[in-house]
Amino acid sequence: GAGVSQTPSNKVTEKGKYVELRCDPISGHTALYWYRQSLGQGPEFLIYFQGTGAADDSGLPNDRFFAVRPEGSVSTLKIQRTERGDSAVYLCASSNTGPTYNEQFFGPGTRLTVL
Amino acid sequence: AQSVSQHNHHVILSEAASLELGCNYSYGGTVNLFWYVQYPGQHLQLLLKYFSGDPLVKGIKGFEAEFIKSKFSFNLRKPSVQWSDTAEYFCAVSGNKLVFGAGTILRVKS
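Chains as they are written, first to last, in this note's numbering: chain A, 1 to 115; chain B, 1001 to 1110.
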């Protein structure tokens, strides 16, 4: 079956622009997660959805970052007024239920470069 | 708050050498522990996990890890590495969210 997919695979934008990153989770997975991975670091938690609602958004760095999952499947991470420090690989993962006891399946990531 | 520390950022080994990658965590509650691996050009994938029971956990490709509660450690081991084990390895701890260490890049020389 299909795994987690993310589009685009690469995104180059200019400082101050708005970007949207998309994640298609594994069919039937109710939990969806976004992470950010900077060079030389492990993935850093951003937000976790259970169904349509954000169960934990404590990792979002500031109010320029926002994510939605309106129908409980596809999710979009939105970044407003991008800054050079937002450059990173943004990873999406999904799992059967919540994060505590379940393996998370990761997508290939979107590499965001802010010039 | 949860945190994970991986001791080595880069490790270089020859084929057939034994491997041990260190991982220490900090978390006040019941933890679930994971090792993920990222092979060159591939997604992060689960290598092994510990939730409860036998503290010696066996994963895929001959890897194992031992949970030592008194040391807050979950070290990854493999008795004899292969060239195909070249990858980046991440230790992670899950309380109410999954927190990753900075990763260890393993290069195995053939």
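Every residue gets a Cβ at the ideal spot worked out from N, C-alpha and C, and that includes glycine.
Let's test the definition: count the other Cβ atoms within 10 Å of the Cβ of residue i and tell me whether it reaches 16, buried, or not, exposed.
| i | result |
| --- | --- |
| SER95 of chain A | buried |
| SER1094 of chain B | buried |
Is the beta carbon of residue i sitting closer than 8 Å to the one on residue j?
| i | j | result |
| --- | --- | --- |
| GLU1015 of chain B | VAL1108 of chain B | yes |
| PRO25 of chain A | THR110 of chain A | no |
| GLN1002 of chain B | TYR1027 of chain B | yes |
| VAL1004 of chain B | CYS1091 of chain B | yes |
| PRO108 of chain A | HIS1043 of chain B | yes |
| VAL1096 of chain B | GLY1022 of chain B | Checking the displayed sequence, the identity of residue 1096 of chain B turns out to be Asn instead of Val. Against a cut-off of 8 Å, the Cβ pair of GLY1022 of chain B and ASN1096 of chain B comes out as no contact. |
| LEU77 of chain A | LEU32 of chain A | no |
| ARG69 of chain A | PHE49 of chain A | yes |
| PHE1067 of chain B | PRO1055 of chain B | yes |
| GLY59 of chain A | THR30 of chain A | no |
Just the C-alpha distance for residue i and residue j, rounded to the nearest angstrom, thanks.
| i | j | result |
| --- | --- | --- |
| ASN1032 of chain B | LYS15 of chain A | 39 Å |
| GLN1082 of chain B | SER1018 of chain B | 10 Å |
| ILE47 of chain A | GLN1045 of chain B | 20 Å |
| SER1106 of chain B | PRO43 of chain A | Residue identity check: residue 1106 of chain B is Leu in the sequence provided, not Ser. Looking at the two C-alpha atoms, the distance is approximately 18 Å. |
| THR1086 of chain B | THR82 of chain A | 35 Å |
| SER38 of chain A | PRO1079 of chain B | 31 Å |
| GLY1053 of chain B | THR1104 of chain B | 27 Å |
| GLY1111 of chain B | HIS1009 of chain B | Chain B is shown from 1001 up to 1110; residue 1111 of chain B falls before or after that span and cannot be answered. |
| ASP57 of chain A | SER1070 of chain B | 32 Å |
Among the candidates the options, whose CA atom is the shortest distance from the CA of residue i?
| i | options | result |
| --- | --- | --- |
| GLY40 of chain A | A:ALA88, A:PHE65 and A:GLY109 | A:ALA88 |
| TYR90 of chain A | A:THR97, A:SER75, A:ASN102 and A:GLU103 | A:SER75 |
| ALA1102 of chain B | A:PRO108, A:PHE45 and A:VAL19 | A:PHE45 |
| VAL114 of chain A | A:THR52, A:ASP86 and A:GLY59 | A:ASP86 |
| ARG84 of chain A | A:PHE105, A:VAL12, A:SER5 and A:VAL68 | A:VAL12 |
| SER1110 of chain B | B:PHE1067, B:SER1084, B:TYR1089 and B:GLY1095 | B:SER1084 |
| SER27 of chain A | A:GLU71, A:GLY42 and A:LEU60 | A:GLU71 |
| GLY1029 of chain B | B:GLY1041, B:TRP1035, B:HIS1009 and B:PHE1051 | B:PHE1051 |
| GLY53 of chain A | A:GLY98, A:GLN6, A:LEU112 and A:THR82 | A:GLY98 |
| GLN80 of chain A | A:ASP57, A:LEU60, A:PRO43 and A:ARG64 | A:ARG64 |
| LEU1047 of chain B | B:GLY1053, B:TRP1035, B:VAL1057 and B:GLY1041 | B:TRP1035 |
| CYS92 of chain A | A:GLY51, A:HIS29 and A:CYS23 | A:CYS23 |
| LEU112 of chain A | A:GLN6, A:ASN10 and A:ALA2 | A:ASN10 |
Under the assumption that residue i contacts residue j (Cβ atoms under 8 Å), give the Cβ distance between them as a whole number of angstroms.
| i | j | result |
| --- | --- | --- |
| GLU1088 of chain B | ARG1077 of chain B | Rounded, the Cβ-Cβ distance is 17 Å, inconsistent with contact. |
| LYS1049 of chain B | GLU103 of chain A | 7 Å |
| PHE106 of chain A | VAL4 of chain A | 6 Å |
| TRP34 of chain A | ALA67 of chain A | 6 Å |
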